[in-house]
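Residue numbers (UniProt numbering): 1 to 263.
Glycine residues also receive a C-beta, built at the ideal position from the N, C-alpha and C atoms.
Small disclaimer: the values here were computed from a predicted structure and weren't measured.
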Amino acid sequence: MAKAAPQSREADGTVGKALAVLDQIAEAGRPMRFGEVLAASDHPKATLYRLVQTLTNQGMLSYDETHQTYAPGLRLVRLAHAAWRQSALAPVARPYLDQLSADVGETIHLAQLDRGQVLYVDKRNAETPIEMFSQAGKIGPGYCTGVGKAMIAHLSAEAQADAIRRQAFFAHTAHTLATPEALLTELAEIRHDGVAFDREEHEPGIICIAAPILSEAGKVMGGLSITSSVQRQSLEGLTALRPALLQTAKDIATAAETWQFPS
1 MAKAAPQSRE ADGTVGKALA VLDQIAEAGR PMRFGEVLAA SDHPKATLYR
51 LVQTLTNQGM LSYDETHQTY APGLRLVRLA HAAWRQSALA PVARPYLDQL
101 SADVGETIHL AQLDRGQVLY VDKRNAETPI EMFSQAGKIG PGYCTGVGKA
151 MIAHLSAEAQ ADAIRRQAFF AHTAHTLATP EALLTELAEI RHDGVAFDRE
201 EHEPGIICIA APILSEAGKV MGGLSITSSV QRQSLEGLTA LRPALLQTAK
251 DIATAAETWQ FPS
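Right, dumping it as structure tokens:
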């Protein structure tokens, strides 16, 4: 029997609306007052209030009576941790991340692609940790991070076009590829070379080399990066770590193949 086509978010009814509100508050990065949520919402005040109250009653949001703000609730945190533990790449990749971290002494990121954006799934800090944006559980941009570009470069043409449409193309630094045309040119190079670089494109002073984690059929399972700072490393120095990066990405893919992509 043929599978039904996936529905749009608009067709998901009350559950879809509630999850959109949850996304809005979670992605704000700080507690929000009801008026702030309402100002950015398409829902009437009464509808939004019902959705927020339901999410709060279910523990998906928490309400601070003193400041009259809403934030992600503990139930959502528990679900997030459960999802991380059961994520196909996270547990299977753990020993490989540990080994790569020990071998190169730099920051290691494991990521997956979520609607064109980078979801950091796991991280190993460098011997001397570097202050940077990325943390496990955080969402980062796809167009200006090495691991994001590595994954997007290896998507099918249709999926890649969809991912590019979802990018903000905000110029975070003077080095950011801030147009679809510039990104497409680099994606072609990345697909040919097998690795991507972040040349201080997302954060000043932060550089990385990244590779996709691909199934045997070429499907993007995730991405892996070795990240450093310009004070510690150079792009040439990171390039010397390419063999270790590619071997680790291959090892993770092999270990995850039958689990995430059964034949």
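Between the CA atoms of residue j and residue i - distance to the nearest angstrom
| i | j | result |
| --- | --- | --- |
| Ala169 | Ala178 | The identity of residue 169 in the sequence shown is Phe, whereas the question assumes Ala. So the two alpha carbons sit approximately 5 Å from each other. |
| Ala210 | Tyr120 | 13 Å |
| Gly148 | Ser156 | 15 Å |
| Gly196 | Thr239 | Note that residue 196 is Ala in the sequence shown here, rather than Gly. Distance between the alpha carbons of Ala196 and Thr239: 10 Å. |
| Glu200 | Glu131 | 14 Å |
| Gly142 | Gly205 | 18 Å |
| Ala80 | Ile139 | 13 Å |
| Thr56 | His202 | 34 Å |
| Ala93 | Arg78 | 21 Å |
| Glu216 | His172 | 35 Å |
| Arg232 | Asp122 | 22 Å |
| Ile213 | Ala159 | 16 Å |
| Thr54 | Ser41 | 16 Å |
| Thr14 | Lys45 | 15 Å |
| Val52 | Phe34 | 9 Å |
| Asp64 | Val118 | 30 Å |
| residue 292 | Lys17 | Shown here, the chain extends from 1 to 263; a query on residue 292 therefore has no answer. |
| Glu181 | Arg191 | 16 Å |
| Gly29 | Pro72 | 10 Å |
| Gly59 | Leu38 | 20 Å |
| His67 | Pro95 | 43 Å |
Pair within 9 Å by beta-carbon distance, residue i and residue j
| i | j | result |
| --- | --- | --- |
| Leu61 | Ile25 | yes |
| Val230 | Leu113 | no |
| Asp198 | Thr145 | yes |
| Leu100 | Arg124 | yes |
Three-way DSSP call (helix, strand, coil) for residue i in this model
| i | result |
| --- | --- |
| Ile252 | helix |
| His192 | helix |
| Asp23 | helix |
| Gly223 | strand |
| Arg50 | helix |
| Met32 | strand |
| Glu201 | coil |
| Gln112 | strand |
| Leu235 | helix |
| Gln167 | coil |
| Ile152 | helix |
| Gly105 | coil |
| Pro72 | strand |
| Pro180 | helix |
| Pro212 | strand |
Cβ of residue i within 9 Å of any chain D Cβ
| i | result |
| --- | --- |
| Met132 | This model lacks chain D altogether; it includes just one protein chain. |
At least 3 beta-carbon pairs within less than 8 Å: the region 95 to 114 vs the region 218 to 225:
Contact holds: three or more Cβ-Cβ distances are below 8 Å.
What runs of the alpha helix (DSSP H), each 4 residues or longer, lie entirely inside the region 117 to 154?
Scanning the region 117 to 154 from its first residue to its last, the whole alpha helix (DSSP H) runs of 4-plus residues come out as 146 to 153.
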